[in-house]
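Each residue of the sequence shown is one higher than the one before, starting from 122 at the first, in this note's numbering.
Only one structure is covered here, and it is reproduced in the block below.
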Amino acid sequence: MPQRILVLGASGYIGQYLINALSLQGHRVLAAARHVERLEKLALPGVSCHRLDLCWPQALPALLENVETVYYLVHGMGEGGDFIAHERQVALNVRDALRETPVSQLIFLSSLQAPKHQQSDHLRARQLTADILREAGVPVTELRAGIIIGAGSAAFEVMRDMVYNLPVLTPPRWVRSRTTPIALENLLYYLVALLDHPTPEHRVFEAAGPHVLSYQQQFERFMTVSGRHRPLIPIPFPTRWISVWFLTVITSVPPTIAKALIQGLKHDLLADDTSLRSLIPQTLIPFDDAVRSTLQEEAKLVNSSDWGYDPQAFARWRPDYGYFAKQAGYTLKTSASLSALWQVVNQLGGKERYFFGNPLWQTRALIDRLIGHPLAKGRPARPFLQVGDAVDSWKVIICEPEKELALLFGMKAPGLGRLCFTMVDKGDYRQLDVRAWWHPHGMPGLFYWLMMIPAHLFIFRGMAKRIASLTEKI
Numbered sequence: 122m123p124q125r126i127l128v129l130g131a132s133g134y135i136g137q138y139l140i141n142a143l144s145l146q147g148h149r150v151l152a153a154a155r156h157v158e159r160l161e162k163l164a165l166p167g168v169s170c171h172r173l174d175l176c177w178p179q180a181l182p183a184l185l186e187n188v189e190t191v192y193y194l195v196h197g198m199g200e201g202g203d204f205i206a207h208e209r210q211v212a213l214n215v216r217d218a219l220r221e222t223p224v225s226q227l228i229f230l231s232s233l234q235a236p237k238h239q240q241s242d243h244l245r246a247r248q249l250t251a252d253i254l255r256e257a258g259v260p261v262t263e264l265r266a267g268i269i270i271g272a273g274s275a276a277f278e279v280m281r282d283m284v285y286n287l288p289v290l291t292p293p294r295w296v297r298s299r300t301t302p303i304a305l306e307n308l309l310y311y312l313v314a315l316l317d318h319p320t321p322e323h324r325v326f327e328a329a330g331p332h333v334l335s336y337q338q339q340f341e342r343f344m345t346v347s348g349r350h351r352p353l354i355p356i357p358f359p360t361r362w363i364s365v366w367f368l369t370v371i372t373s374v375p376p377t378i379a380k381a382l383i384q385g386l387k388h389d390l391l392a393d394d395t396s397l398r399s400l401i402p403q404t405l406i407p408f409d410d411a412v413r414s415t416l417q418e419e420a421k422l423v424n425s426s427d428w429g430y431d432p433q434a435f436a437r438w439r440p441d442y443g444y445f446a447k448q449a450g451y452t453l454k455t456s457a458s459l460s461a462l463w464q465v466v467n468q469l470g471g472k473e474r475y476f477f478g479n480p481l482w483q484t485r486a487l488i489d490r491l492i493g494h495p496l497a498k499g500r501p502a503r504p505f506l507q508v509g510d511a512v513d514s515w516k517v518i519i520c521e522p523e524k525e526l527a528l529l530f531g532m533k534a535p536g537l538g539r540l541c542f543t544m545v546d547k548g549d550y551r552q553l554d555v556r557a558w559w560h561p562h563g564m565p566g567l568f569y570w571l572m573m574i575p576a577h578l579f580i581f582r583g584m585a586k587r588i589a590s591l592t593e594k595i
């Protein structure tokens, strides 16, 4: 029977798949996250999107009205600083809101737990969150999972990037740890099916795939499926910072997520899914099949709203490109109106050229010409750009007035990128964000990004400030 469901953390990779699955079953879904722009563009039937920062949860009690089930998919792996304190505060805020506006059940996607003396910060934070949520007076179903084989899973993307980017695999000794990887499709089936099995009591389930595998065995099977064969030589480097630095250099997974991930890979994390499979039987997908399916899904990654569903971007995408994008940018607050910001941003490529660091942009274009890759010049004469317009070598792929202007990178480089200008009305002020996104093609693409870091440290800051300055003349 269709329910009214609130999904907290709906913009994460699990959340996006989950709200789609719930939509297909006819549920009324409230998708809540700090950033909902991409969710809004999906326009899923029965799904409404709600911008919500759980650090400031004043709007949460109203969202909980008449809700039967809450999915809690929030985690702080990507947060900088003390993410344990962050997760604790967010959980306390949700607990307090549920005490004020209770629901029938809460389903919390958590992590498999190691013995207490072996727990990482990430695993401790997950357990702390579960304990706090159970204080809300609402039945909590905690579903614990380990490695998830699916597009966007940090652990899977690390494995993929290492195999695709390195001629020889030299992972630290945590590669010998064992776990029970589960296919994303199987995990989603459990999450949705739990709606049909409510309980008045708290309970904990563990989700597992059909195999117990060490990370080394997962690497070996991934190489067999992908056809990328590499020598694998574990090295005796136990130091955490070396592992994090290593992952930061050779993968496109964000460093904060890589750090939290490494902390949880030091020990075996084995699930006992006997009780869950007894309650919700299903055929578990073998590891090799899950990898094969994920690689096929990732081949369609660029065919999304992030790229304006641009056919040129889709044609240029290669399976070797990193799933996660490297990014660099700058965000500022301004009293300028959205219309003034939009007017100035649309001057890109004109008299102001790129607003800041124009000699650097010219030097970058000169490099392309020297290697025999001629670039177009100029832009349309009209004041406002449209989708499909060329601005020098860039192509406009998203043009949402007073919201976002995005351009496809057209220079010669190992990867695929875009440059985005995003404007948001915050009431008392407007927020302008100028940001480059880069999906690297193997190790050359990663090195290219590293070489660009010195320029990125100041160029986007200068662009944003110059745009804000020009709005004062309007």
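No residue lacks a Cβ here, since even glycine has one placed at the ideal position from N, Cα and C.
Neighbourhood of residue i by C-beta distance below 8 Å, restricted to the same chain and skipping five residues each side
i    : result
A379 : A275, V279, V365, L368, T369 and T372
R551 : K454, T455, S456, A457, S458, L459, L462, M544 and V545
Q146 : P123 and V313
E186 : T222
H318 : L400 and I401
S414 : A304, E306 and I406
L194 : V128, L129, G130, A131, G133, I135, G136, L139 and L230
Residue i versus residue j - alpha carbon distance
i    : j    : result
E418 : L287 : 22 Å
S673 : T300 : Past the boundaries of the shown model lies residue 673; the chain is included only from 122 to 595, so the question cannot be answered.
G493 : P535 : 15 Å
Y311 : I401 : 7 Å
I208 : A153 : Checking the sequence, you will find Glu at residue 208 rather than Ile. Going by the C-alpha atoms only, they are around 17 Å apart.
G538 : L529 : 6 Å
Q448 : E473 : 24 Å
L316 : P501 : 54 Å
V73  : S231 : For residue 73 there is no data in the structure shown, the boundaries of the chain being 122 and 595.
G450 : S396 : 47 Å
R125 : L181 : 15 Å
R255 : D410 : 36 Å
S425 : K162 : 9 Å
L491 : L567 : 22 Å
I595 : G478 : 23 Å
8 Å contact criterion, which residue i and residue j should meet: CB distance rounded
i    : j    : result
G531 : K516 : 6 Å
V284 : L227 : So it is not a contact: roughly 38 Å between Cβ atoms.
L127 : V188 : 5 Å
L391 : V465 : Not a contact, Cβ separation roughly 57 Å.
H560 : G443 : 5 Å
S144 : L129 : Their Cβ separation, rounded to whole angstroms, is 17 Å, which puts S144 and L129 out of contact at 8 Å.
Proximity test, residue i beta-carbon vs the ligand GDP heavy atom, cut-off 7 Å
i    : result
R149 : Among the ligands in the structure shown, none appear at all, so the ligand GDP cannot be discussed.
Residues of its chain near residue i, where Cβ-Cβ distance is below 7 Å and the 5 sequence neighbours each way are ignored
i    : result
L453 : L553, A585, K586 and A589
P522 : W463
F445 : E278, S373, V374 and P375
D393 : E327
F476 : M584, R587 and I588
L309 : Y138, L139 and A142
E221 : P182
V259 : L219, P223, V224, Q226 and L227
Proximity winner among the options, relative to residue i (alpha-carbon distances)
i    : options                   : result
G271 : P352, W558 and Y134       : Y134
Q433 : L400, A381 and G509       : G509
V412 : M564, L254, G273 and L487 : G273
G136 : Q124, L529 and V150       : V150
L184 : K162, L145 and V224       : V224
D252 : R324, H318 and L353       : R324
R437 : E263, P166, P352 and H562 : H562
G470 : M573, A511 and Q248       : A511
T484 : T415, M573 and F435       : M573
P302 : H171, I406 and K421       : I406
L382 : H148, Q403 and G267       : G267
Q169 : L491, A131, Q179 and Y193 : The question names Gln, but residue 169 is Ser in the sequence shown. The shortest Cα separation from S169 among L491, A131, Q179 and Y193 belongs to A131.
N467 : F505, F568, K162 and L249 : F505
D441 : A257, P355, R281 and V346 : R281
S347 : T291, F408, T250 and E593 : F408
P355 : E593, R503 and T291       : T291
Own chain, CB closer than 6 Å to residue i, minus 5 neighbours either side, in chain order
i    : result
V313 : A142
L496 : A486, D489 and S514
E525 : I519 and T543
L540 : L528 and A557
L305 : I269 and G271
K498 : D513
L591 : V465
L481 : A576
V600 : What is shown of the chain runs 122 to 595, which leaves residue 600 out entirely.
Stretch-stretch touch, CB-based, cutoff 8 Å, three pairs: the region 238-257 with the region 334-350: no
Given 8 Å, three or more beta-carbon pairs between the region 577-584 and the region 294-314: no
At least three beta-carbon pairs within less than 8 Å, the region 318-332 to the region 147-159: With a cut-off of 8 Å, the region 147-159 and the region 318-332 do not count as touching, because too few Cβ pairs lie within range.
At least three beta-carbon pairs within less than 8 Å, the region 174-185 to the region 213-220: yes
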